[in-house]
Amino acid sequence: MRGPRLRTLLVLLVLAAFTLTLLDSGRGSGGPLDALRRGSDAVFGPAQRAVGGALGAAGDALGGLGGDDEERLQRENDALRRRVLELEGTQAAGEQLRQLLQLKDQGDYTVVPARVVGYGAFQPFGSTVTLDAGSDDGVREDMTVTSGSGLVGKVVRVAARTSTVSLLTDPVFSVGVRVNGQAGSFGIASGSGRGELALQLVDLPGGGQLSVGDALVTAGSDTFAAGVPVGRVSEVGAAVSGAGRTATLTPFVELGALDVVGVVVDGPRTAPRAAVPPGPS
Amino acid sequence: MSGPRLLLGAATVLTALLLQTTVMARLPVPGSPPDLVLVLVLAFALAEGPRSGMVTGFVAGLLADLQSDHELGRLALAYVVAGYLAGRVQDDTDRSTLLPFLVVLGGAVAALLAYAAVGLVLGDPRTAVSALGPGLAASVAYDVVLTPFVVPVVGLLVRRVDPDPVRR
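Sequences listed follow chains A and B, in order. Just so we're aligned, residue 1 is where the first sequence starts under the working numbering, counting upward by one. Just so we're aligned, residue 282 is where the second sequence starts under the working numbering, counting upward by one.
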């Protein structure tokens with residue numbers, strides 16, 4: 001195939017891809033393209049779990065080679081080491097689950113526990129994680145996702161047995177917040193894409209000042225659970241007249257070490273009594 | 282395109298997609314993870330020319346788009362552009378050891394730029410905020426590191442299926 005025809009193919013494929021993008025960008029949820037996505041999740045999800053399992057099994061098989069005593073001891077040693085690591089992992093997961101239950105008790109939330117099984121593989125600019133709970137477990141779009149230490153993000157897509165969560169530092173994420181303990185305050189925290197959130201505080205009653213270390217919790221809305229700890233003020237921006245105050249928030253959750261999280265499937269509409277964010281750790 | 286060649290394309294693309302979601306995306310490296318699927322597309326472009334690069338890029342990109350939560354077609358467009366450019370470069374240069382690395386470097390940058398450009402057109406807040414940060418530079422570097430593991434293997438497989446490939 002020669003030059004001109006190559007360029008025709010290039011233009012055709014680029015146009016086809018861009019047309020798809022435009023069609024898809026106007027969508028709400030639902031629609032044939034969304035069905036296509038869910039179909040691909042349904043096919044790829046089990047395959048991913050299988051590959052994960054196979055990688056583990058391959059490791060075990062390699063560890064099981066050899067015959068004489070030294071090798072046998074080495075093998076036992078390896079198996080025990082693995083077991084210790086496994087137990088340590090279980091213990092850590094248990095601790096996170098315990099914190100989650102504590103949060104649930106404090107706030108009257110109904111929480112579905114889930115594990116993070118994947119980080120977004122094709123998100124050059126975004127940050128999402130995949131959970132191992134989906135619509136079969138009662139998870140719906142827009143639901144709040146928390147961990148024991150605070151807000152993780154919200155559900156953006158749901159398949160039967162997995163769901164995709166947009167992390168709170170993702171630039172497409174924003175949530176209504178208030179300063180913990182100051183009932184009249186209101187602001188919007190949005191992800192800034194650098195592991196932090198940008199806070200725009202619209203209303204702080206009584207001429208109060210926002211200072212470094214202040215904790216912010218979700219204000220609550222139709223879709224968002226109220227009183228979930230979001231983050232702490234790490235830097236106060238210059239006051240912009242008319243637009244309220246700006247600040248930078250550091251999230252309470254450690255996003256690099258997510259394991260067990262909870263999807264709030266039903267929560268109180270008002271702030272729970274004990275919305276005390278955890279102290280700096 | 283012959284049956285075995287079609288099978289080779291399907292098998293390598295699906296394998297790369299699976300490895301990307303299960304292994305690559307979870308590598309504990311700083312910055313964005315490497316994009317194995319993109320490197321595979323560039324490898325096909327290097328072995329067979331721009332047409333193969335574009336078609337592989339389109340199909341692999343669409344499948345990758347389905348595994349993400351941005352608009353469909355965005356990675357497809359980025360991979361098509363990268364595949365075209367990578368195939369064209371090989372046309373007028375002699376083979377050298379360094380060439381695949383340079384092609385992967387250029388292809389990865391081109392794909393990111395194409396992806397970001399569509400993001401700007403759509404007003405995607407993710408592109409506006411963190412366009413081409415250090416995390417993405419890291420991803421490009423990791424892609425280059427993948428080159429010696431992917432490009433020779435794809436070249437070998439392509440020659441096995443068709444010992445005398447016509448560059449198209």
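Note that beta-carbon positions come from the ideal geometry of N, C-alpha and C, so glycine has one too.
Cutoff 8 Å: Val399(B) Cβ touching any chain A Cβ: One-based indexing of the second sequence puts residue 399(B) at position 118. Cβ-Cβ to chain A under 8 Å: yes for Val399(B).
Within chain A, the residues that Glu329(B) reaches when beta carbons sit closer than 7 Å: As a first step, residue 329(B) is located in the second sequence; it is residue number 48 there, counting from the start. Within 7 Å of the CB of Glu329(B), no CB atom of chain A is found; the nearest one sits about 11 Å away.
Ala159(A) (DSSP reduced to helix, strand or coil): For this step, residue 159(A) is matched to residue 159 along the first sequence. Three-state DSSP puts Ala159(A) in coil, outside helix and strand.
Chain-ordered neighbours of Val361(B) on chain A, where CB pairs are closer than 8 Å: In the second sequence, counting from the first residue as 1, residue 361(B) sits at position 80. At a C-beta separation below 8 Å, Val361(B) has these neighbours in chain A: Leu10, Leu13, Val14 and Ala17.
Whole-Å CB distance - Gly213(A) paired with Arg232(A), under 8 Å assumed: Position 213 of the first sequence, counted from the start, is the residue given in the question as residue 213(A). Position 232 of the first sequence, counted from the start, is the residue given in the question as residue 232(A). The pair is a contact, with the Cβ atoms about 6 Å apart (cut-off 8 Å).
Close-in-space but distant-in-sequence residues of the same chain around Ala324(B) (CB under 6 Å, 5 per side omitted): Translated into positions along the second sequence, residue 324(B) becomes position 43. Val431, Val432 and Val435, listed in sequence order.
Neighbour flag for Thr378(B) against chain A, beta carbons, 8 Å: Translated into the one-based positions of the second sequence, residue 378(B) becomes position 97. So, not an interface residue.
8 Å Cβ cutoff, Val431(B) in contact with chain A: On the second sequence, position 150 is the one that residue 431(B) refers to. Using beta-carbon distances, Val431(B) does not count as an interface residue toward chain A, since no partner is under 8 Å.
Backbone CA spacing between Pro4(A) and Leu216(A) [nearest angstrom]: The residue given as residue 4(A) occupies position 4 in the first sequence. The residue given as residue 216(A) occupies position 216 in the first sequence. Whole-angstrom Cα-Cα distance: 59 Å.
Enclosing beta strand (DSSP E) for Leu258(A) [first to last residue]: Position 258 of the first sequence, counted from the start, is the residue given in the question as residue 258(A). Element bounds for Leu258(A): n/a, residue is neither H nor E.
CB contact flag (Val111(A), Leu131(A), <8 Å): Here residue 111(A) refers to the residue found at position 111 of the first sequence. Here residue 131(A) refers to the residue found at position 131 of the first sequence. With contacts defined as CB atoms closer than 8 Å, Val111(A) and Leu131(A) fail to qualify as a contacting pair.
Segment contact, 8 Å Cβ cut-off, at least three pairs: the segment 402-409 of chain B with the segment 164-178 of chain A: Taking 8 Å as the limit for Cβ pairs, the verdict is that the segment 164-178 of chain A does touch the segment 402-409 of chain B.
Partner residues on chain B for Gln48(A), Cβ-Cβ distance less than 7 Å: Reading the first sequence from its first residue, position 48 is the one you call residue 48(A). From the beta-carbon of Gln48(A), the residues of chain B found nearer than 7 Å are Leu299, Thr302 and Thr303.
Endpoints, the alpha helix (DSSP H) within which Leu383(B) is located: Within the second sequence, residue 383(B) is the residue found at index 102, counting from 1. For Leu383(B), the enclosing alpha helix (DSSP H) begins and ends at Leu380 to Leu403.
7 Å Cβ shell around Ser420(B) - same chain, five flanking residues per side excluded: Translated into positions along the second sequence, residue 420(B) becomes position 139. Within the same chain, Ser420(B) has close Cβ partners Gly312, Ser313, Pro314, Pro315 and Asp316.
Minimum Cβ-Cβ distance from Gly263(A) to chain B less than 8 Å: Position 263 of the first sequence holds residue 263(A). Before going on, a small fix: residue 263(A) reads as Val here, not Gly. Under the Cβ criterion of 8 Å, Val263(A) is not counted among the residues facing chain B.
Pair within 8 Å by beta-carbon distance, Tyr396(B) and Arg369(B): Indexing the second sequence from 1 puts residue 396(B) at position 115. Indexing the second sequence from 1 puts residue 369(B) at position 88. Contact: no.
Cβ neighbour criterion (16 or more within 10 Å) applied to Ser147(A): Here residue 147(A) refers to the residue found at position 147 when the first sequence is read from its first residue. Under a 10 Å Cβ-count criterion, Ser147(A) is classified as buried, with 16 or more other Cβ atoms of the shown protein chains found around its own Cβ.
Cα-Cα separation, Asp346(B) to Ala198(A): Residue mapping note: residue 346(B) aligns to position 65 of the second sequence, counting from 1. Residue mapping note: residue 198(A) aligns to position 198 of the first sequence, counting from 1. Those two C-alpha atoms are separated by around 29 Å.
Min CB distance Arg140(A) to chain B below 8 Å: The residue given as residue 140(A) occupies position 140 in the first sequence. Contacts with chain B at 8 Å (Cβ-Cβ) do not include Arg140(A).
Neighbour flag for Asp24(A) against chain B, beta carbons, 8 Å: Translated into the one-based positions of the first sequence, residue 24(A) becomes position 24. At least one chain B Cβ lies under 8 Å of Asp24(A).
Residues, ordered as in the chain, of the segment 383-407 of chain B that lie near chain A by beta-carbon distance below 8 Å: For the segment 383-407 of chain B, residues whose beta-carbon sits nearer than 8 Å to a beta-carbon of chain A comprise Leu393, Tyr396, Ala397, Val399, Gly400, Leu403, Asp405, Pro406 and Arg407.
Spatial distance of Met305(B) from Gly256(A) (CA atoms): In the second sequence, residue 305(B) corresponds to position 24, counting from 1. In the first sequence, residue 256(A) corresponds to position 256, counting from 1. Going by C-alpha positions, Met305(B) is about 15 Å away from Gly256(A).
Chain A contacts from the segment 434-445 of chain B (Cβ-Cβ distance under 9 Å): Taking 9 Å as the Cβ-Cβ cut-off against chain A, none of the residues of the segment 434-445 of chain B qualify.
Listed by chain order, chain B residues near Pro113(A) by CB distance under 7 Å: To locate residue 113(A), count along the first sequence from 1; it is residue 113. Residues of chain B passing the Cβ test: none, with the nearest at roughly 21 Å.
Exposure label - Glu329(B); buried when at least 16 CB within 10 Å: By one-based count along the second sequence, residue 329(B) stands at place 48. Glu329(B) is buried by the Cβ-count criterion.
Residue of Leu289(B), Gln301(B), Thr378(B) and Ser377(B) minimising C-alpha distance to Gly342(B): Translated into the one-based positions of the second sequence, residue 342(B) becomes position 61. Just measuring C-alpha positions, the residue of Leu289(B), Gln301(B), Thr378(B) and Ser377(B) sitting nearest Gly342(B) is Gln301(B).
Residue-chain proximity (Val156(A), chain B), Cβ-Cβ < 8 Å: What you label residue 156(A) is simply residue 156 of the first sequence in a count that begins at 1. By this cut-off, Val156(A) is an interface position.
Cβ neighbour criterion (16 or more within 10 Å) applied to Ser283(B): Taking the first residue of the second sequence as position 1, residue 283(B) is located at position 2. Flag for Ser283(B) reads exposed.
C-beta contact flag for Leu33(A) and Leu353(B) at 8 Å: The count along the first sequence starts at 1 and reaches residue 33(A) at position 33. The count along the second sequence starts at 1 and reaches residue 353(B) at position 72. Yes, these two residues count as a Cβ contact at 8 Å.
Residue-chain proximity (Tyr365(B), chain A), Cβ-Cβ < 8 Å: What you label residue 365(B) is simply residue 84 of the second sequence in a count that begins at 1. It does: the Cβ of Tyr365(B) has a partner Cβ on chain A nearer than 8 Å.
DSSP-derived helix/strand/coil call for Leu151(A): Within the first sequence, the letter at position 151 stands for residue 151(A). Strand, per DSSP.
Buried or exposed by the 16-neighbour rule on C-beta atoms within 10 Å, applied to Pro229(A): The residue given as residue 229(A) occupies position 229 in the first sequence. Buried: at least 16 other Cβ atoms inside 10 Å.
DSSP three-state assignment for Pro171(A), whether helix, strand or coil: The sequence position of residue 171(A) within the first sequence is 171, counting from 1. In the three-state reduction of the DSSP assignment, Pro171(A) falls in the coil class.
Alpha-carbon to alpha-carbon, Gly138(A) and Lys237(A): Within the first sequence, numbered from 1, the residue matching residue 237(A) stands at position 237. Within the first sequence, numbered from 1, the residue matching residue 138(A) stands at position 138. It should be pointed out that residue 237(A) corresponds to Gly in this sequence rather than to Lys. Put simply, the backbone Cα of Gly237(A) is about 40 Å away from that of Gly138(A).
Beta carbon proximity, Asp424(B) to chain A, threshold 8 Å: Here residue 424(B) corresponds to residue number 143 of the second sequence, with the count starting at 1. With a threshold of 8 Å between beta carbons, Asp424(B) makes no contact with chain A.
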